[in-house]
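Chains as they are written, first to last, in this note's numbering: chain S, 11 to 237; chain A, 11 to 237; chain P, 11 to 237; chain G, 11 to 237; chain R, 11 to 237; chain Z, 11 to 237; chain E, 11 to 237; chain B, 11 to 237.
Note that beta-carbon positions come from the ideal geometry of N, C-alpha and C, so glycine has one too.
Take a look at the structure below.
There are 8 protein chains.
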Amino acid sequence: MAEVYSDIDFAKLDISRSERTGMPETIYCAGKNKHQLLKILQTFAEHKVAVLGTRCSQEQFEFVSSAGLDVVYDEMSKILRLNGQAMTSLYGSIAVCTGGTADIPVAEEAALTAEFCGAEVKRFYDVGIAGLHRLLHKVEDIRMADVIIAVAGMEGALPSVLAGLVKAPVIAVPTSVGYGASFGGLAPLLTMINSCAAGVSVVNIDNGFGAAVQACRILNLKGKNND
Amino acid sequence: MAEVYSDIDFAKLDISRSERTGMPETIYCAGKNKHQLLKILQTFAEHKVAVLGTRCSQEQFEFVSSAGLDVVYDEMSKILRLNGQAMTSLYGSIAVCTGGTADIPVAEEAALTAEFCGAEVKRFYDVGIAGLHRLLHKVEDIRMADVIIAVAGMEGALPSVLAGLVKAPVIAVPTSVGYGASFGGLAPLLTMINSCAAGVSVVNIDNGFGAAVQACRILNLKGKNND
Amino acid sequence: MAEVYSDIDFAKLDISRSERTGMPETIYCAGKNKHQLLKILQTFAEHKVAVLGTRCSQEQFEFVSSAGLDVVYDEMSKILRLNGQAMTSLYGSIAVCTGGTADIPVAEEAALTAEFCGAEVKRFYDVGIAGLHRLLHKVEDIRMADVIIAVAGMEGALPSVLAGLVKAPVIAVPTSVGYGASFGGLAPLLTMINSCAAGVSVVNIDNGFGAAVQACRILNLKGKNND
Amino acid sequence: MAEVYSDIDFAKLDISRSERTGMPETIYCAGKNKHQLLKILQTFAEHKVAVLGTRCSQEQFEFVSSAGLDVVYDEMSKILRLNGQAMTSLYGSIAVCTGGTADIPVAEEAALTAEFCGAEVKRFYDVGIAGLHRLLHKVEDIRMADVIIAVAGMEGALPSVLAGLVKAPVIAVPTSVGYGASFGGLAPLLTMINSCAAGVSVVNIDNGFGAAVQACRILNLKGKNND
Amino acid sequence: MAEVYSDIDFAKLDISRSERTGMPETIYCAGKNKHQLLKILQTFAEHKVAVLGTRCSQEQFEFVSSAGLDVVYDEMSKILRLNGQAMTSLYGSIAVCTGGTADIPVAEEAALTAEFCGAEVKRFYDVGIAGLHRLLHKVEDIRMADVIIAVAGMEGALPSVLAGLVKAPVIAVPTSVGYGASFGGLAPLLTMINSCAAGVSVVNIDNGFGAAVQACRILNLKGKNND
Amino acid sequence: MAEVYSDIDFAKLDISRSERTGMPETIYCAGKNKHQLLKILQTFAEHKVAVLGTRCSQEQFEFVSSAGLDVVYDEMSKILRLNGQAMTSLYGSIAVCTGGTADIPVAEEAALTAEFCGAEVKRFYDVGIAGLHRLLHKVEDIRMADVIIAVAGMEGALPSVLAGLVKAPVIAVPTSVGYGASFGGLAPLLTMINSCAAGVSVVNIDNGFGAAVQACRILNLKGKNND
Amino acid sequence: MAEVYSDIDFAKLDISRSERTGMPETIYCAGKNKHQLLKILQTFAEHKVAVLGTRCSQEQFEFVSSAGLDVVYDEMSKILRLNGQAMTSLYGSIAVCTGGTADIPVAEEAALTAEFCGAEVKRFYDVGIAGLHRLLHKVEDIRMADVIIAVAGMEGALPSVLAGLVKAPVIAVPTSVGYGASFGGLAPLLTMINSCAAGVSVVNIDNGFGAAVQACRILNLKGKNND
Amino acid sequence: MAEVYSDIDFAKLDISRSERTGMPETIYCAGKNKHQLLKILQTFAEHKVAVLGTRCSQEQFEFVSSAGLDVVYDEMSKILRLNGQAMTSLYGSIAVCTGGTADIPVAEEAALTAEFCGAEVKRFYDVGIAGLHRLLHKVEDIRMADVIIAVAGMEGALPSVLAGLVKAPVIAVPTSVGYGASFGGLAPLLTMINSCAAGVSVVNIDNGFGAAVQACRILNLKGKNND
């Protein structure tokens with residue numbers, strides 16, 4: 011009974027997603043056991059497709075690496091990359107900002123994903139609102155970006171403040187950084203959803219990946235002809 | 011004691027917001043009493059600035075209208091307009107989609123706001139996922155838009171399905187349409203925040219206005235030079 | 011059976027509270043029927059004690075007023091006053107700030123309560139973070155206050171921003187202003203409780219009265235000898 | 011004091027449940043210590059009754075296995091079987107579908123339970139709505155089933171989409187797969203309960219077992235005479 | 011601006027849903043304004059299709075009735091019927107049970123919907139668990155049904171108790187009947203989702219309609235050949 | 011269709027409940043329409059049984075009163091009584107305490123119910139913990155009661171404080187009195203459930219009736235022989 | 011800095027609580043470090059007072075045991091006893107019932123506490139409502155108890171069913187047994203608080219200790235003279 | 011890819027915060043990896059600035075200590091200190107009170123922070139409301155403090171009781187001490203926010219640090235001239 015799904019078609023690899031949605035191949039590694047993950051990666055490896063894996067544990071990385079796949083791994087963001095950078099490139103740049111240093115792993119998930127998709131990324135870390143001068147000091151640089159990803163935990167007010175200062179769309183990422191009444195990121199999620207400043211839209215708690223994909227979809231517009 | 015704030019500077023009119031954020035002037039009418047609202051509108055009227063008011067009650071509209079201001083009002087979306095359309099114009103188009111007919115007031119808040127900001131809007135109403143063929147029938151048309159606003163209540167799955175079918179960024183708007191375990195829109199909000207399809211970012215429940223502003227910030231990119 | 015409690019001692023008037031806690035007499039009018047309220051006020055009237063009533067409905071005011079009591083009423087804040095201002099006076103001043111105009115009724119509950127207790131109050135309304143320049147423009151004036159009451163709904167980030175800009179203690183008041191995922195003020199409450207800036211403590215949603223009492227307890231310190 | 015319950019009748023074995031409810035014997039292993047579990051299984055072993063255990067830990071399995079019981083174990087679904095397959099058989103078939111690969115353990119709990127009860131099971135894994143073509147490609151096969159079990163985490167929209175495409179009843183199983191605002195499966199639970207497509211009913215988060223029992227109760231109808 | 015959607019195709023009438031899902035046409039009236047509702051009903055009236063409307067307000071009924079449509083209305087369940095009973099018929103019967111008398115409106119929504127779909131319905135009202143003898147007195151009659159719909163508010167334990175007493179599938183409907191910690195039906199919803207008795211699946215709070223559709227999908231199986 | 015349930019046996023009158031549970035007949039009036047309520051009361055009137063109705067609206071009272079039934083009504087507690095006091099009597103006394111005056115309606119529901127059941131009731135109203143001396147002043151009298159019902163809203167700390175001061179069991183009743191983060195009584199409910207003082211057990215928000223029934227069940231013990 | 015509180019009076023031993031509240035001495039061990047616990051126990055040991063410790067970890071037990079204190083420990087309920095049984099004795103008996111076997115640790119916390127306080131305890135385990143005949147089979151025995159403690163997880167309906175079958179007061183204990191939408195015991199807590207059967211009052215999740223103390227306070231009444 | 015941020019300016023050290031907000035330098039250690047923490051501390055060490063670190067793990071302490079920094083560490087409160095005590099000093103004193111012994115770690119975080127900031131601290135531990143005499147015994151001493159920090163878990167009623175007994179402002183700190191329906195401190199947080207006694211304001215769950223900073227901001231007033 012132990013091998014119930016060994017010969018089943020357990021994962022429908024979505025080979026045309028890239029073409030359909032304009033994004034490179036990506037895999038959400040969490041929740042997949044290491045054998046499943048290896049099998050999926052091997053399939054892509056055979057097709058020589060560049061793939062980005064998110065939420066990849068150290069243990070998963072070591073298992074697939076020891077199987078001989080061409081992978082690199084970033085411990086902080088838990089990002090895995092197979093077959094190098096994707097071949098796409100995008101016009102314009104993304105500013106990735108964080109409220110504090112504890113938000114950096116989520117921000118790096120966003121930044122590395124965006125770079126994998128071909129975007130230029132500029133990092134502005136630890137510019138939270140408790141020390142507003144740090145943010146105001148950087149605001150001219152942030153204004154030069156075409157899209158802004160604002161990553162914050164605790165009370166999560168950074169995206170609202172940013173949206174009042176710039177013209178670019180702000181993608182807000184609440185993080186589970188914090189304790190007590192943060193309730194695992196619920197507090198900054200509600201803060202961001204209730205933003206009094208228009209120009210903010212929100213992705214899931216700790217979802218740096220999702221923010222980056224949304225930012226890249228937006229950057230796609232920059233290269234388009236005006237019709 | 012009755013007139014405690016009559017001569018105070020109760021509302022800081024943000025006359026430069028338009029320039030700073032690239033969006034026309036807008037007012038959130040709910041929570042303002044009719045005298046406050048009139049005073050604010052009169053100030054803008056003197057400056058001959060076009061203004062959009064959201065969540066304007068029938069009673070507020072009638073009060074400011076009877077004071078002789080040049081306003082038009084849409085009952086369904088509760089949108090008020092002073093001094094006509096804003097002078098901005100944007101490249102590209104926005105598709106506003108709804109899951110059902112009960113979501114239309116929120117969708118119209120989005121559509122009229124976007125039109126006020128100078129965007130071209132295409133409406134795709136009642137294309138919810140319970141009858142997938144209705145959505146699939148329209149998907150080619152929806153794909154032609156540069157940004158998609160997806161408005162849905164109840165289980166709120168429309169944005170996820172759309173994001174898997176198109177390349178454009180999807181701005182998701184949960185609505186309070188529904189009953190029981192919808193909990194005033196909490197259910198579709200959570201659905202959209204947890205979207206398994208990347209390319210979705212979310213605004214507040216019933217916040218058609220915020221979705222439109224975000225969409226217009228995105229459209230701004232289309233007219234920019236590639237640098 | 012209709013008059014079951016007519017002759018019972020239904021409310022224990024706390025005549026010594028003023029002396030014990032240093033605050034004037036106050037009554038929370040909501041939840042009391044108009045006969046109870048009248049009886050309580052009459053008892054204080056006989057003792058010639060100045061009393062502040064909060065959350066007093068228009069109907070309650072009219073009932074006690076028509077009974078001949080010496081009362082004044084502020085419709086916006088729903089504050090009722092019996093026998094004029096309290097005889098206390100406090101050193102120092104309180105800045106009452108709001109994020110938006112819709113937060114003013116709660117702010118006025120705070121301001122009128124603090125004035126009743128003998129404090130000097132300065133109002134800074136509509137200085138929310140979506141237009142940061144409005145706040146920065148006033149920050150020097152706000153810094154001159156000894157205690158700050160920051161009233162905000164929606165995402166409720168004003169107290170955090172203020173606490174990073176000033177040295178005075180900030181009393182944060184979340185309001186039920188907003189809609190959707192505000193959940194009746196839960197969102198700004200969580201924001202304020204999770205403030206990344208130390209120097210913020212929080213009272214109940216819409217509790218302008220409680221913020222004022224806390225601010226006045228703090229001001230009490232200013233007049234004390236250093237021991 | 012250590013053996014307070016050693017000689018008490020701690021578990022009322024419900025020997026007639028099978029007859030009363032038409033389902034084979036099953037045991038929920040979680041929360042039972044290994045000695046309790048062994049004693050219960052031994053009692054059934056003496057009566058030569060086939061039993062299915064759910065949520066059985068690896069450690070529990072090894073303990074009862076080393077005591078000489080005739081058990082088999084599936085690590086992925088945590089299903090334990092004593093004395094082989096139950097002697098029941100049902101008409102018709104059940105389609106077990108999942109949104110992603112991480113939902114498979116819950117789906118296998120459902121599938122193995124249904125097979126134990128005598129049903130024919132067809133598996134359709136990784137057919138989530140983010141890649142709708144994968145689902146549409148399989149929909150004809152899914153339509154041939156008499157009952158559908160739809161297992162999904164994250165936003166959990168699979169059951170709604172399925173219910174709009176087929177005539178069979180859909181039993182929805184939310185999973186705790188996901189992170190952040192999934193809140194341990196609350197998000198897909200609410201999604202499924204709010205389904206805009208009728209023909210969906212829901213069991214507890216991760217409750218593959220319960221879905222299978224409900225599906226088998228439904229299949230029971232197929233073999234009945236029309237009266 | 012007032013008639014923004016007057017000439018748009020605001021509702022995609024799903025004329026083939028009946029064939030695709032095996033259920034008659036139904037309309038969720040809540041959230042539709044009376045003009046929309048009338049227009050939809052007139053379209054169906056022209057096609058001489060029998061339609062069931064749920065959550066129809068007295069005011070909506072009177073409006074469409076005065077427009078000359080052939081409608082009947084049940085005030086308690088808020089069910090509207092156009093063009094008589096649907097032409098379908100189903101084998102077998104449904105037992106609709108309630109915990110208390112206050113649950114009857116939801117139960118009638120279920121019962122009338124099921125009858126519209128061609129099912130035979132038996133009503134067992136006020137058989138809640140606080141007086142277990144009332145339920146046990148009826149249990150033999152309830153056992154004769156092919157599917158059971160159990161409607162209960164407050165603690166909502168009726169479905170669990172029933173599922174332990176019968177072999178048929180139990181569709182549980184939590185109601186918003188109750189007060190305090192019922193939280194609008196959240197309490198019985200959680201009770202039912204956590205049922206310790208397998209054989210229970212749950213629909214939305216107060217969703218008698220959804221329960222009936224699910225029950226009818228199940229009854230469909232009874233008429234099918236065994237393959 | 012309008013009279014679908016007119017001739018059904020919609021309410022199973024539980025004539026033997028009194029004997030089985032030792033409590034007089036009671037009816038929860040909320041959620042019953044006035045015709046149902048009248049019919050139920052008439053049945054009891056024919057059997058000359060004393061009945062207590064809770065949550066009876068003014069409108070319900072007037073309807074059944076105008077039908078000629080022998081009823082008395084207390085507007086504050088919304089208690090209706092048919093055929094006078096019940097014939098039971100209990101040994102011992104119950105202290106009903108409230109935190110504030112706004113909690114009195116719930117307290118009266120408890121007190122009148124307990125008196126109907128034959129208990130002696132002593133009222134201690136407005137003894138909340140904000141003015142501890144009021145409570146300490148009464149504590150000797152409260153200690154003389156056999157059971158204590160403690161009714162409180164807002165933070166709901168009264169039962170904990172009482173349980174540390176007396177030996178009698180404390181039945182805690184949270185009320186929906188309060189605003190903001192009271193969330194309709196959730197706050198005092200959680201306070202009471204988390205009581206650090208043992209000897210407190212809790213009933214539903216605003217459920218004075220349930221507290222009284224529990225208190226009377228406890229008083230029943232006092233009259234029993236010691237075995 | 012490491013010993014900041016070494017010489018402070020960190021715990022106020024409440025030596026007169028026993029006299030004041032009629033209950034023996036008890037200690038909540040969780041959250042105390044092992045040195046604190048030892049010091050507290052040693053103080054009681056010197057006074058030769060019998061003490062009950064709840065939520066005592068295996069590690070805490072071994073630490074205080076190895077220090078030479080006269081303690082016994084029950085691993086299942088995590089109950090520790092110092093200096094033997096308390097010298098109290100109570101009239102009457104308590105029935106401790108559980109829904110399932112996984113609820114037994116909480117039930118044993120209740121049973122051992124009640125026995126420590128001098129009550130007679132009868133155990134009825136695994137009599138949950140999914141197999142109602144098991145409960146009905148025992149109901150005559152349960153009816154002989156003076157107080158009933160009903161312990162249940164998952165949907166937690168046992169107390170309601172019991173309260174409809176007996177005259178004694180029912181103390182309900184929700185447990186964290188369960189998974190998914192149990193939310194750590196929130197589901198059975200809400201079920202029990204919403205009980206449609208009067209005669210149920212509720213203590214905290216997993217709080218067997220609190221239920222026992224309340225039951226013993228109630229039993230105290232049995233020995234009192236009727237006044 | 012492993013060193014993506016090695017040369018970035020990951021933390022904006024806020025060297026002027028001390029001057030701007032009047033508080034010494036502090037670091038929130040949780041969420042920073044040990045290399046980040048070391049680097050930050052070394053920077054401050056070079057500037058010979060006294061720094062307080064909160065939520066510092068034993069492992070973090072050992073890492074930075076072994077790198078040769080001049081640090082001391084308190085295991086209970088997880089407070090780290092670099093370069094000794096800050097050079098500030100404040101007039102007046104702070105009373106730090108706890109409900110139980112399990113709240114002491116949070117209280118010590120408050121007390122050590124306040125002492126670092128130059129305040130005099132008096133500790134009143136284990137004075138919770140379940141044994142009111144313990145609190146009343148100390149109340150005269152507590153009244154002598156200028157500010158009160160009240161730390162409590164479980165039902166968290168201590169701040170309300172204190173605020174009714176003293177004139178000083180009460181800063182309330184809910185703790186995550188407790189279990190079951192405490193929901194990680196949500197219960198005492200709601201209790202404190204809903205305090206019926208004015209003069210209470212609240213910080214985050216377990217946030218002893220934040221309470222101390224707020225108390226010190228308040229003490230700052232005592233030294234100011236009256237203007």
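By the Cβ criterion, the stretch 34-44 of chain B is not in contact with the stretch 198-216 of chain E, since fewer than three pairs of Cβ atoms, one from each stretch, lie closer than 8 Å. A direct Cα-Cα distance of roughly 13 Å separates residue 92(B) from residue 77(B). Bounds of any beta strand (DSSP E) do not take in residue 47(G); it lies within the alpha helix (DSSP H) bounded by 44-56. At a Cβ-Cβ threshold of 8 Å, residue 138(Z) and residue 127(B) do not count as neighbours. For secondary structure counted as the beta strand (DSSP E) over 3 or more consecutive residues, the stretch 135-189 of chain E holds these complete runs in sequence order: 157-162, 180-184.
Remark: C-beta atoms of residue 182(A) and residue 160(A) approach each other more closely than 8 Å. The beta carbon of residue 124(E) sits closer than 7 Å to those of 104, 131, 222, 225, 226, all from its chain and outside the five residues before and after it, given in chain order. Taking 8 Å as the threshold, the shortest C-beta distance from residue 70(Z) to chain E does not fall below it.
The CB of residue 187(S) comes closer than 8 Å to the CB of 41 in chain B, given here in chain order. Excluding its 5 nearest sequence neighbours in each direction, residue 145(A) has C-beta neighbours in its own chain below 6 Å: 137, listed in chain order.
Using a Cβ distance threshold of 8 Å, residue 162(G) and residue 198(G) count as a contacting pair. Shortest Cα-Cα distance from residue 40(E) to any of 231(B), 187(B), 109(B) involves 187(B).
Contact annotation for residue 209(G) against chain R: 31, 223, 224, 227 [CB-CB distance below 7 Å, chain order]. The distance from the Cβ of residue 203(R) to that of residue 212(G) is about 7 Å, consistent with a contact at the 8 Å cut-off.
Nearest to residue 166(S) by C-alpha distance, out of 67(S), 82(S), 194(S), 84(S), is 194(S).
In the three-state scheme derived from DSSP, where H, G and I count as helix and E and B as strand, residue 205(E) is classed as coil.
Any Cβ of chain R closer than 8 Å to the Cβ of residue 201(E) would place that residue at the interface, and such an atom is present. With a 10 Å radius around the Cβ and a threshold of 16 neighbouring Cβ atoms, residue 82(E) comes out exposed. Nearest to residue 111(G) by C-alpha distance, out of 228(S), 38(S), 57(S), is 38(S). As DSSP reads the structure, residue 211(A) sits in a beta bridge with 181(A).
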